[in-house]
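A.B. asks: Below is the structure I would like to discuss, written out as structure tokens.
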Amino acid sequence: MILSIESSCDDSALAITRITDYKLLHHTKISQEAEHSHYGGVVPELASRLHATALPRLLEGAKPWLDQLKAVAITTQPGLAVTLNEGLMMAKTIAVMNRLPLIPVHHLKGHIYSLFIDKPTRLPLLVILISGGHTMVLRVRGIEDMEILATSMDDSVGESFDKTAKMMGLGYPGGPIIEKLARGGDEDRFDLPIPLRNSPLIAFSLSGLKNAVRLTIEKLGGAEKMTHQDQCDLAASFQKAIRGHLLQKTRKLFTTETIPDVALVGGASANLYLREAIDSLCREFDKTLHVAPLEYCADNAAMIGRYGIDAYHAGLFENPQDVTITPNRKLQQGGML
Ligand code: KG4
Ligand code: ZN
Numbered sequence: 072m073i074l075s076i077e078s079s080c081d082d083s084a085l086a087i088t089r090i091t092d093y094k095l096l097h098h099t100k101i102s103q104e105a106e107h108s109h110y111g112g113v114v115p116e117l118a119s120r121l122h123a124t125a126l127p128r129l130l131e132g133a134k135p136w137l138d139q140l141k142a143v144a145i146t147t148q149p150g151l152a153v154t155l156n157e158g159l160m161m162a163k164t165i166a167v168m169n170r171l172p173l174i175p176v177h178h179l180k181g182h183i184y185s186l187f188i189d190k191p192t193r194l195p196l197l198v199i200l201i202s203g204g205h206t207m208v209l210r211v212r213g214i215e216d217m218e219i220l221a222t223s224m225d226d227s228v229g230e231s232f233d234k235t236a237k238m239m240g241l242g243y244p245g246g247p248i249i250e251k252l253a254r255g256g257d258e259d260r261f262d263l264p265i266p267l268r269n270s271p272l273i274a275f276s277l278s279g280l281k282n283a284v285r286l287t288i289e290k291l292g293g294a295e296k297m298t299h300q301d302q303c304d305l306a307a308s309f310q311k312a313i314r315g316h317l318l319q320k321t322r323k324l325f326t327t328e329t330i331p332d333v334a335l336v337g338g339a340s341a342n343l344y345l346r347e348a349i350d351s352l353c354r355e356f357d358k359t360l361h362v363a364p365l366e367y368c369a370d371n372a373a374m375i376g377r378y379g380i381d382a383y384h385a386g387l388f389e390n391p392q393d394v395t396i397t398p399n400r401k402l403q404q405g406g407m408l
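Numbering (the working numbering), first residue to last: 72 to 408.
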């Protein structure tokens, strides 16, 4: 079995996965959303302290499996340095005490493997990854063959949901709040710009849209003056612009990329409105859309453990003392994950 730990941002999570049949035997997670909600975003120092108390509690629950481990998988990049270190320290201790190898995991590869929880790996895939930290499209042919075809030049999709919610005086994370409000809104009320609409670039950019949202709120007299209906309409108009942007750029990629299987992963892939939009685009191009179960779209350790199995088979493990974190390696178009 593989024990996996995730602590790259504001979720402490731990899982036990069986190597032979990919079965997820145990998964626990302690989220810090409530604690960060007052600040409208994640405060690294606070997150680090919360991981330090949460991780040992999670380990307690994994006791029944601790004598059956073959390796420990741990997220080492990308993420907040202080929180990645909390997880790595615990992973190293378990590995050294039990003489086990450590599997360093790229968090975004983990999101891709959320598709294969409890089941065999199925590649190649064209992956659209929309999380709080990243927005990109990747051509995934193997565990070490993941090419970035397009990426965001500024904010990520999840981040733009979070910032929009924050500007409206709502809580964190903004994604689920905006999605819910949007269901009761008129998406045509505010004419927000679709980013890079007239640009030939196959890339994403969300900062202009964020400014348009800010100006709209100002025109309404500020967040305090907005009625509930204003909030719903702005949430819906914002989501419509995000959809337009994602569809326009992925449509371009679909005309050249022949891989028939497409996946939508990352925290913001829980958004049903965006899922539906990408799904109908896939159908138009005779492609099949794959998504992870809703509970494993957001950060979790099950996806880290599932990646760990394929990494273990591929020999991608190290001596615990050699593993370090890489919080923010540059990820750009044409590069590999
Ligand atoms: O993947 P994730 O849990 O963390 C990162 O790796 O960044 O993604 C978190 C992001 C947050 O920005 C959150 O607002 C967004 O995913 N998110 C959503 C939804 N649920 C979570 N965005 C849009 N719609 C949702 N339903
Ligand atoms: Zn994530």
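Cβ coordinates follow ideal geometry from the N, Cα and C atoms, glycine included.
Pick helix, strand or coil for Ala84, following the three-state DSSP scheme.
C.D. replies: Ala84 falls in the strand class under three-state DSSP.
A.B. asks: Does the ligand ZN have even one heavy atom less than 7 Å from the beta-carbon of His122?
C.D. replies: No, the Cβ of His122 stays beyond 7 Å of every heavy atom of the ligand ZN.
A.B. asks: Between Ala105 and Ala372, which are expected to be in contact by the criterion C-beta below 8 Å, what is the C-beta distance as a whole number of angstroms?
C.D. replies: Their Cβ separation, rounded to whole angstroms, is 20 Å, which puts Ala105 and Ala372 out of contact at 8 Å.
A.B. asks: Note down the Cα distance separating Asp257 from Gly245, rounded to an integer number of angstroms.
C.D. replies: Between Asp257 and Gly245, the C-alpha separation is close to 19 Å.
A.B. asks: So, is Gly132 buried or exposed, given that buried needs 16 or more other C-beta atoms within 10 angstroms?
C.D. replies: Flag for Gly132 reads exposed.
A.B. asks: Cβ atoms of Ile145 and Pro175: under 8 Å apart, would you say?
C.D. replies: Yes, they are a contact pair.
A.B. asks: Can you find the residues in the same chain that come closer than 6 Å, C-beta to C-beta, to Asp455, ignoring five residues on each side of it along the sequence?
C.D. replies: Examination of residue 455 is not possible in this model, given that the chain is present from 72 through 408 alone.
A.B. asks: Which stretch, first to last residue, makes up the beta strand (DSSP E) that contains Gly204?
C.D. replies: Looking at the DSSP string, Gly204 is not in any beta strand (DSSP E), and its letter there is neither H nor E.
A.B. asks: Quick check on this structure: which residue in Leu130, Glu157, Ser231 and His97 has the alpha carbon closest to the alpha carbon of Ser119?
C.D. replies: With distances taken between Cα atoms, Ser119 lies closest to Glu157.
A.B. asks: For His109 and Gly240, I'd like the C-alpha separation in whole angstroms.
C.D. replies: Going from the Cα of His109 to the Cα of Gly240 covers about 10 Å.
A.B. asks: Would you check whether the ligand ZN has a heavy atom nearer than 7 Å to the C-beta of Ser340?
C.D. replies: It does not: the Cβ of Ser340 is nowhere closer than 7 Å to a heavy atom of the ligand ZN.
A.B. asks: Which class does His109 belong to by DSSP, given the choice of helix, strand or coil?
C.D. replies: Reduced to three states, the DSSP call for His109 is coil.
A.B. asks: Which residues share a DSSP beta bridge with Arg210?
C.D. replies: Answer is Leu197 and Glu218, bridged to Arg210.
A.B. asks: For a minimum of 4 consecutive residues, which ranges assigned as the alpha helix (DSSP H) are wholly contained in the segment 297-381?
C.D. replies: DSSP runs (the alpha helix (DSSP H)) wholly in the segment 297-381: 299-327 and 343-355.
A.B. asks: Indicate, with yes or no, if the ligand ZN has a heavy atom lying under 7 Å from the CB of Asp370.
C.D. replies: Yes, the Cβ of Asp370 comes within 7 Å of a heavy atom of the ligand ZN.
A.B. asks: May I ask you to check if the CB of Gly405 is nearer than 7 Å to at least one heavy atom of the ligand ZN?
C.D. replies: Gly405 Cβ: outside cutoff for every heavy atom of the ligand ZN.
A.B. asks: Any idea what DSSP makes of Ser223, helix, strand or coil?
C.D. replies: Strand, per DSSP.
A.B. asks: From Ser433 to Ile288, what distance separates their C-alpha atoms?
C.D. replies: Here the chain covers residues 72 to 408 and nothing more, so residue 433 does not appear.
A.B. asks: Do Ala166 and Phe232 have their beta-carbon atoms positioned less than 8 Å apart in this structure?
C.D. replies: In this structure, Ala166 does not lie closer than 8 Å to Phe232 by Cβ.
A.B. asks: Decide if Glu355 is buried, meaning its Cβ has at least 16 other Cβ atoms within 10 Å, or exposed.
C.D. replies: Burial call: exposed.
A.B. asks: For His207, count neighbouring C-beta atoms within 10 Å of its own C-beta (all shown protein chains included) and say buried if the count is 16 or more, exposed if not.
C.D. replies: Checking the displayed sequence, the identity of residue 207 turns out to be Met instead of His. Label assigned to Met207: buried.
A.B. asks: Is any beta-carbon of chain B found at less than 8 Å from that of Asn282?
C.D. replies: No chain B is part of this structure, which consists of one protein chain only.
A.B. asks: What does Phe275 pair with, by DSSP beta-bridge criteria?
C.D. replies: Beta-bridge pairing links Phe275 to Ser223.
A.B. asks: Count the other CB atoms, across all protein chains shown, that sit within 10 Å of the CB of Asn342; report buried if there are 16 or more and exposed otherwise.
C.D. replies: Its Cβ being crowded by 16 or more others within 10 Å, Asn342 is buried.
A.B. asks: Name the two residues that bound the continuous alpha helix (DSSP H) containing Leu252.
C.D. replies: Residues Gly245 to Ala253.
A.B. asks: Which residues mark the beginning and the end of the beta strand (DSSP E) in which Ser231 is found?
C.D. replies: Taken as a continuous stretch (DSSP letters only), Ser231 belongs to no beta strand (DSSP E), being part of the alpha helix (DSSP H) at Val228 to Met238.
A.B. asks: Buried or exposed for Gln139, please, with buried defined as at least 16 other CB atoms from any protein chain shown within 10 angstroms of its CB.
C.D. replies: Classification for Gln139: exposed.
A.B. asks: Please name the residue, chosen from Thr124, Leu121, Lys163 and Asp216, that lies closest to Gln392 on a Cα-to-Cα basis.
C.D. replies: Cα-wise, what sits closest to Gln392 is Lys163.
A.B. asks: Can you find the residues in the same chain that come closer than 8 Å, C-beta to C-beta, to Leu398, ignoring five residues on each side of it along the sequence?
C.D. replies: Looking at the sequence shown, residue 398 is not Leu but Pro. Cβ within range, chain order: Gln148, Pro149, Gly150, Leu151, Ala152 and Leu155.
A.B. asks: Counting C-beta neighbours from all protein chains within 10 Å, is the total for Gln310 16 or more, i.e. buried, or is it exposed?
C.D. replies: Counting Cβ neighbours within 10 Å, Gln310 comes out buried, since at least 16 surround it.
A.B. asks: Could you give the distance in angstroms between the alpha-carbon of Pro81 and the alpha-carbon of Met238?
C.D. replies: The amino acid occupying residue 81 in the given sequence is Asp; Pro does not appear at that position. The straight-line gap from Cα to Cα measures roughly 21 Å.
A.B. asks: Any heavy atom of the ligand KG4 inside 7 Å of the beta-carbon of Phe187?
C.D. replies: No - the ligand KG4 has no heavy atom lying nearer than 7 Å to the Cβ of Phe187.
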